[in-house]
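Undergrad:
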Amino acid sequence: MATLFQPELLYADGQVQPGGSGLFVDADGMVLRTLAETQIPPDTEIVRLPGRALIPAFANAHSHTFQRLFRARAEGRKVGGDTFWTWREQMYRAAAFADPDSMYDIARAAFLEMALNGTALVGEFHYLHRDRNGQPYAHPNAMADAILAAARSIGLRITLLRTAYFRAGFGLDPHPGQRRFYEQPEEYLRNLSALAAQHSSDPFIHVGAAPHSIRAVPLPEFHPIVHWCRANGSRPVHLHISEQPAENEASLREYGATPVTLLSGEGLLDAQTTLVHAIHITASEMAQIARTRATICSCPTTERNLGDGIFPADLAAQLGVPVVFGSDSQAQIDPFEDARQLEYHLRLRDRERGILDSASRPGWAGQDSIGAALLRSMTSHGYRALGVPGGSLAPGEPADFLALRLDDLALLGADAASLPEQVVFAASRSAVDSVYIQGKPIVRDGAHSEADEIRTRYRKLQQRFHALSVEETIQ
Ligand SMILES: [Zn+2]
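So that you can map any letter, position 227 of the sequence shown is 228 in the numbering used here, and since no number is skipped, the others follow by simple counting.
This is the structure in structure tokens:
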């Protein structure tokens, strides 16, 4: 039976729909169209959502779930002032700790937090492939499967971006903290291909590739990975790029070109590519990215936590480069905060307001108001970057949506005219009432049915991790 979801406010197909409109969904959970009250066909189940705003659910395009394990435990400064090392040491500890069972519990806690924040789809950039000794598991995708099982237990869609990590960097010896990441190039492609085949019939699971960065994957090894994705159904290719100036400098030393210039010159970037971070790039590099039609994934809550720098989102908006968001290190899991920080970082940089308001910027590629533009980045751009149809509640798309409480104090007084800006600049998790994926609820009344069990198991795991010394985890 078809269902009509009837909220107080409905944002679908890129705009606020006229008052009284509902979202008409078929028995398989696919959007048929929006519908006025007077047009409701007989035999329609009506789900009334009074006092709620219904909007497309969010996509989190860049996640490393295992990094959740050391949230807020590497914020200080080591004697001597090396601010990055405290973080990296914790990262290697967490990477050394997780086995498939604990990975499942860590991922469930992270995915639960995402779901409660309105997320329906996550892109997991996954590189913990081997066991603690650096040996392949009997089932080489055991760790990936633990993450996929965790997403399934929450009800999330997931694109597993199986990550290639072949070396520590140009001219560097292998790093012991990275031994679980390394695979041989042929072995990587074999495991990627097996993972894709294993999950090809599950509509909630997609598989893509992630050559980690030009630092970790030398150019000759980049080509076959991109080629595999192009030859196997236009799968997404994600990679880290220009997060820190040192990465650009190393690329200049090795190849005589920055990563963006190198990869676009080699024909390795296209509309299936997502470049993660792209902070330290020039205007001419942004123009190269625009020509390839690649997407950029910005991770503002992580980038501010790590002190990476400010992503020039205004250059991207000017040239029409789509931007999506990721929670990356899980320093916070907060899609609302990521969206507004993209704009706020630029305000602090330029001491101006409304930077990303393309509608008021003659000559800019986009024509969206600031709220609509950022909402698109949180939703449909993210779906596309992860190779999943949907994200805007247009006819024919899956009914993946969330309902926000309009009586939440953060949103009190919100109306149709201000809805996109209210979502981006005012809302927080407390306003997320329910989350539906393909017409079925995974979050109701701000709660998930598995939450208590997930909390208990995660707390135990966290205690076990922190009881170990640095030597016990890393050695
Ligand atoms: Zn990352």
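Where is the CB? At the ideal position from N, CA and C, for every residue including glycine.
(1) Going by alpha carbons, who is nearest to Trp125 out of Cys230, Ala386, Gly119?
(2) If we call anything under 8 Å between Cβ atoms a contact, is Leu403 one with Val425?
(3) Mind checking whether the beta-carbon of Phe182 lies closer than 7 Å to any heavy atom of ligand 1?
(4) At the level of alpha carbons, what is the spacing between Ala13 and Tyr256?
(5) What span of residues does the alpha helix (DSSP H) with Leu33 cover, start to end?
(6) Considering only heavy atoms of ligand 1, does any lie closer than 7 Å to the CB of Asp329?
(7) Identify whether Gly266 lies in helix, strand or coil by the three-state DSSP scheme.
(8) Which of the three DSSP states is assigned to Gln289 in this structure?
(9) Using CA atoms only, rank isn't needed, just tell me which of Asp174, Ile280, Pro221 is closest to Ile297.
(10) What three-state label does DSSP hand His281 in the structure shown?
(11) What is the DSSP secondary structure of His346, counted as helix, strand or coil?
(12) Check whether the Cβ of His63 sits closer than 7 Å to any heavy atom of ligand 1, and report yes or no.
(13) Residues in its own chain within less than 8 Å of Glu46 by CB, not counting five upstream and five downstream?
(14) Alpha carbon to alpha carbon, how far is Ala210 from Gly20?
(15) Is the CB-CB distance between Gly234 and Arg180 below 8 Å?
(16) Can you tell which of Pro57, Pro442, Ala111, Gly383 has its C-alpha closest to the C-alpha of Ile148?
(17) Please confirm whether Pro399 and Gly391 have their CB atoms less than 8 Å apart.
(18) On the premise that Ala417 lies in contact with Val32, defined as a C-beta separation below 8 Å, what is that separation, rounded to the nearest angstrom?
(19) Roughly how many angstroms separate the alpha carbons of Ala468 and Gly372, rounded to a whole number?
(20) Quick one: grab the DSSP three-state call for Gln476.
(21) At a cut-off of 7 Å, would you count His239 as near ligand 1, judging by its Cβ distance to the nearest heavy atom?
(22) Taking 8 Å as the cut-off, decide whether the C-beta atoms of His200 and Leu162 are in contact.
(23) For Phe171, count neighbouring C-beta atoms within 10 Å of its own C-beta (all shown protein chains included) and say buried if the count is 16 or more, exposed if not.
(24) At which residue ranges does the segment 215 to 259 contain complete alpha helix (DSSP H) runs of 4 or more residues, listed in the order of the chain?
(25) Does ligand 1 have a heavy atom nearer than 7 Å to the CB of Phe326?
(26) Am I right that Gln331 and Arg72 are in contact with their C-beta atoms under 8 Å? What's the rounded C-beta distance?
(27) Sort out for me which residues DSSP pairs Ser435 with in a bridge.
(28) Taking 8 Å as the cut-off, does the segment 51 to 71 touch the segment 115 to 124 (at least 3 CB pairs, one atom from each stretch)?
(29) Answer yes or no: do Thr212 and Phe223 have a C-beta to C-beta separation smaller than 8 Å?
(30) Measuring CA to CA, which of Met287, Arg109, Leu405, Leu270 is closest to Ala54?
TA: Quick look at the numbers:
(1) Here residue 125 is taken as the residue at index 124 of the sequence shown, counted from 1. Looking at the sequence shown, residue 125 is not Trp but Glu. Taking only the C-alpha atoms, the option nearest Glu125 is Ala386.
(2) Counted from its first residue, the sequence shown places residue 403 at position 402. Counted from its first residue, the sequence shown places residue 425 at position 424. No, the Cβ-Cβ distance between Leu403 and Val425 is not below 8 Å.
(3) Within the sequence shown, the letter at position 181 stands for residue 182. Not so, every heavy atom of ligand 1 lies at least 7 Å from the Cβ.
(4) Here the question's residue 13 lines up with position 12 in the sequence shown. Here the question's residue 256 lines up with position 255 in the sequence shown. Counting only the Cα atoms, Tyr256 lies some 46 Å from Ala13.
(5) Along the sequence shown, one-based indexing puts residue 33 at 32. Not the alpha helix (DSSP H): Leu33 falls in the beta strand (DSSP E), residues 32 to 36.
(6) Taking the first residue of the sequence shown as 1, we reach residue 329 at position 328. Yes, ligand 1 has a heavy atom inside 7 Å of this Cβ.
(7) One-based indexing of the sequence shown puts residue 266 at position 265. The DSSP-derived three-state label of Gly266 is helix.
(8) Within the sequence shown, the letter at position 288 stands for residue 289. Three-state DSSP puts Gln289 in a helix.
(9) Residue numbering aside, residue 297 sits at position 296 when the sequence shown is read from its first letter. Out of Asp174, Ile280, Pro221, Ile280 has the C-alpha closest to the C-alpha of Ile297.
(10) Position 280 of the sequence shown, counted from the first residue, corresponds to residue 281. Note: His281 maps to coil in three-state DSSP.
(11) Residue 346 sits at position 345 when you count from the first residue of the sequence shown. Helix at His346.
(12) Here the question's residue 63 lines up with position 62 in the sequence shown. Within the cutoff, so yes.
(13) Position 45 of the sequence shown, counted from the first residue, corresponds to residue 46. If we look at Glu46 and ignore the five residues flanking it on each side, its Cβ neighbours are Met2, Ala3, Thr4, Leu5.
(14) The residue you call residue 210 lines up with position 209 of the sequence shown. The residue you call residue 20 lines up with position 19 of the sequence shown. For Ala210 and Gly20, the distance between alpha carbons rounds to 43 Å.
(15) Your numbering for residue 234 matches position 233 in the sequence shown. Your numbering for residue 180 matches position 179 in the sequence shown. Taking 8 Å as the cut-off, the Cβ atoms of Gly234 and Arg180 do not count as close.
(16) On the sequence shown, position 147 is the one that residue 148 refers to. Here the closest residue by C-alpha is Ala111.
(17) Here the question's residue 399 lines up with position 398 in the sequence shown. Here the question's residue 391 lines up with position 390 in the sequence shown. Their beta carbons are under 8 Å apart, which means Pro399 touches Gly391 by this criterion.
(18) Locating residue 32 in the sequence shown gives position 31, counting from the first residue. Locating residue 417 in the sequence shown gives position 416, counting from the first residue. Not really, about 20 Å apart at Cβ, beyond 8 Å.
(19) The count along the sequence shown starts at 1 and reaches residue 468 at position 467. The count along the sequence shown starts at 1 and reaches residue 372 at position 371. Looking at the two C-alpha atoms, the distance is approximately 45 Å.
(20) The sequence position of residue 476 within the sequence shown is 475, counting from 1. Since pLDDT at Gln476 reaches only 49, below the 50 mark, its modelled position is unreliable, and no value is offered.
(21) As a first step, residue 239 must be located in the sequence shown, where it is residue number 238. No, the Cβ of His239 stays beyond 7 Å of every heavy atom of ligand 1.
(22) The residue given as residue 200 occupies position 199 in the sequence shown. The residue given as residue 162 occupies position 161 in the sequence shown. No, the Cβ-Cβ distance between His200 and Leu162 is not below 8 Å.
(23) Looking up residue 171 in the sequence shown gives position 170. Exposed, because fewer than 16 other Cβ atoms sit within 10 Å of the Cβ of Phe171.
(24) 220 to 232, 246 to 256
(25) The residue you call residue 326 lines up with position 325 of the sequence shown. Result no, Cβ not under 7 Å from ligand 1.
(26) Position 330 of the sequence shown, counted from the start, is the residue given in the question as residue 331. Position 71 of the sequence shown, counted from the start, is the residue given in the question as residue 72. About 6 Å; that satisfies the 8 Å criterion.
(27) Numbered from 1 along the sequence shown, position 434 holds the residue referred to as residue 435. BP columns for Ser435 point to Ala404.
(28) yes
(29) The residue you call residue 212 lines up with position 211 of the sequence shown. The residue you call residue 223 lines up with position 222 of the sequence shown. According to the sequence shown, residue 212 is Pro rather than Thr. Closer than 8 Å, so yes.
(30) If you number the sequence shown from 1, residue 54 lands on position 53. Of Met287, Arg109, Leu405, Leu270, the residue nearest in Cα terms is Leu405.
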